[in-house]
Every structure is written in C-alpha cells, then in structure tokens.
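Numbering (the numbering used here), first residue to last: 10 to 417. For every residue, glycine included, the Cβ atom is placed at its ideal position computed from N, Cα and C.
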C-alpha cells in the first residue's frame, strides 16, 4: 500500500510542464495559442496527443512577418497556408467560422508576387470569406524599388494588376477590411460600380483605410445614380483614412456617417471639379453629421468649404498634404473671407492643430479660425516664433491657449 502511494507521488512529480498545460481546459489553451502566430500554433501539435488537433479550432489565422525572396520560400509559404486551410476544413467541416485572416508578407521579387503568389491569395480569400469572416488584413509589402509603378491605372499591363475577388463584395459578416499597400499599391476595379459593390458588401465595417486605390478616370455619372443610398451603405463606419490623388464624390457620400475622418483635400478638390465651371461645385460634398475629428491639408479654399459640411466638428488638424499645391492654386495672399462662418466654428470646435509652419502665406487659416471659433480651447503650433505672431490676432474664445509642440 505504501509502495503504491510512493509510486503515485513519484508519477505526479515527474509530470512535465507540457503535461500540466495539457490538463488545462480548451478555452484556456485556445487563449494561449491565440497569442502566437498560426505557424507557431501548428508547431505545438507535436507536444502530445492533447495538442495534436487543438490548433485546428482556433478562430484566427495569422501569417505575419513572412519574407519571400525566392521560388522555394514562396512554395513553402503557399504549401503552409493551403495545409492550414485544408486541415481545418477536413477536421472541423465547412460550417466552422474564421474570425480573422491576416497575411503580412514581404516580397523581394515582383514576379513572385504577381505571377506566383497573388493567384493563391485570391483562392484563400474566396475560401475564408465563406467562413463568416469578420477581420481581413492583407499587407503585401515590397522590398524593391517600385517607383515606376506609380502610374495611372491605364498605363499598367492588366496581367500585373491584382483584382479583389468578387466574394469580398458580398461578405456581409466583414467588420474590418485592411488592405495596406495591397498588391503593389494598386487595386484595379473595372468600373466604379464594382467599388460601390465593395462598400455595400460591408454593412458592419467600422474602420476603412484606403491608400491609392486606382479607379479609371472619367465621369462618375454611373456611380452618382447610387447617391441616394450611398450615405447608408456604411452605417457602422467610425474611422476613415483616405489617401487618394482623386477622391470621388460617391466615396465621400459613403463616408458621411463616420466620426473620424482623414482626407487630403487636394484630391477632394480634384474629384469634384468639373472642367468649364468657374468654381468647384462644393455642394457635392456631403454633410458629415457625426464627424467630430477631422484631418485636412491646409489649402484654405477647401478647408472653409469642408468645415461648412461638418456641423459638429470638435477637433481639427491641418497639415501640408501628400501632394503640395502650386502657389497660384492656393495663394492665401488672395484670401477672401467667406460670407458665412461654418457652424462648427461658432458652436463646437474645441482644438485645432496646425502641422505646418505658419509663414505669411499660411496665416489666414489660423487667423480665421481664431477669429470665429467661439469655444476653441487650444491651438497647437510648431514654434515660439509662430506663437508670438498668432498672439496678435483677435480671438473669439477668451480661454483659447496657444500651445507649442515641435513634434506634432
């Protein structure tokens, strides 16, 4: 009897850490595995029978920090992804769900991306969107010089232009879509209607970030036909960050429900301007009823007009912008004070950040905001020299402070 007890104590003492972890409930082990990449989670299957198939039921599939520099590494990566997807379907069945699918891949050779990898990416996307996917992140980074690829979409060979699979357009469970530098900074939509379908296919989307999405130039009258319903196509949108040379009218309409918006207004100007009209038709800018945070480039003609369409704006940041305007396009020496003050300046604006040096030609925006923002609490600028200049301007808010922060 005593000998049996000693054996049991000895057996307990010899349990390995892996054995102890294996005794944990599935939900705890799933949480532990969720902290590592899919590749690392799959590697745990060799620990014991308990771990053999545990990774198959993880809700997230993450392939992060993958570097592909030759055909062999590309093949290994493709095989790994296929193995994971097929193993999950075989073990769990097609009814399981995938919460997040993430690809963060660095390509060292453009031919590996275009010719060999992207067709596989499309197949993977087509599969995961059928599994009630909520979060999709595609970051296909380039480590070679791609300056020559910054061309109009019509200058590309179609064989080199990646296209989003149509299944994304109809994935109604999608909450977050992140296409950072997706496929060599260029996504081709055959028509603007295709892009609108993408927006309508994401009714629960909360965060939208677009960087150089290429659409064919020309009249967007076909897209305008959807204007009446576009304002409701992204009802859950909270944040939008748009970096575009041309920001089309229908896109602005779709963003009108967001709370936080970053736009390069040079592109907004180009998108609504029609040849032959003496002034840009600013009436095409939608009313952003929920917008409280806004970032714009400092082109004064547009800043004032956009502010008229943001009645509840509280925080404003003005910056130089990705595409600097020529002096004669936006010369503040020709400043003409608007007849009507935007409602947000009179009633809501609390903070304003000027992320540029307030030289003589750039002072009128700051002066105008200080003069009319009744409830402005602070204006943040770059230097003490600017502070001394702006201190001389009249302020509508007696409590407004000028703050200096060289790192804004």
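- Looking at 199, 241, 203, the one whose alpha-carbon comes closest to that of residue 214 is 241.
- Taking a C-beta distance under 8 Å as the contact criterion, residue 87 and residue 129 qualify as a contact pair.
- DSSP, read as helix, strand or coil, puts residue 262 in helix.
- For residue 393, the enclosing alpha helix (DSSP H) has its first and last residue at 393–399.
- Pairing residue 29 with residue 61, the inter-Cα distance amounts to about 15 Å.
- Here DSSP, grouped into helix, strand and coil, assigns residue 407 to coil.
- Excluding sequence positions up to five before and after residue 179, its CB lies within less than 7 Å of the CB of 210, all in the same chain and listed in chain order.
- The alpha-carbon of residue 63 is positioned some 22 Å away from that of residue 138.
- The alpha carbon of residue 69 has as its nearest neighbour, out of 81, 412, 48, 77, the alpha carbon of 48.
- Taking the Cα of residue 387 as reference, the smallest distance to any Cα among 393, 219, 372, 413 is reached at 413.
- Membership of residue 47 in the alpha helix (DSSP H) is indicated by the continuous run 47–52.
- For residue 209, the three-state secondary structure derived from DSSP is helix.
- Excluding residues up to 5 positions away in sequence, 354, 355, 356, 405, 406 lie with their Cβ nearer than 8 Å to the Cβ of residue 383 in the same chain.
- For residue 375 against residue 358, the beta-carbon gap comes to about 13 Å, at or over 8 Å, which does not count as contact.
- Residue 216 is a Cβ neighbour of residue 247, given a cutoff of 8 Å.
- Comparing alpha carbon positions, the residue from 310, 325, 272, 380 closest to residue 363 is 325.
- Taking 8 Å as the cut-off, the Cβ atoms of residue 203 and residue 148 do not count as close.
- Between residue 182 and residue 150, the gap from beta carbon to beta carbon reaches 8 Å or more.
- Here the alpha carbons of residue 97 and residue 300 stand approximately 42 Å from one another.
- Here residue 177 is not near residue 116, since their CB atoms are 8 Å or more apart.
- When secondary structure is reduced to three states using DSSP, residue 352 falls in the helix class.
- For the 8 Å CB-CB criterion, residue 264 and residue 249 form a contact.
- Shown here, residue 82 sits in a helix according to DSSP, grouped into three states.
- Under the DSSP assignment, residue 326 falls in the beta strand (DSSP E) whose first and last residues are 324–328.
- Rounded to the nearest whole angstrom, the CA to CA distance from residue 144 to residue 53 is 25 Å.
- Collapsing the DSSP output to three states places residue 185 in a strand.
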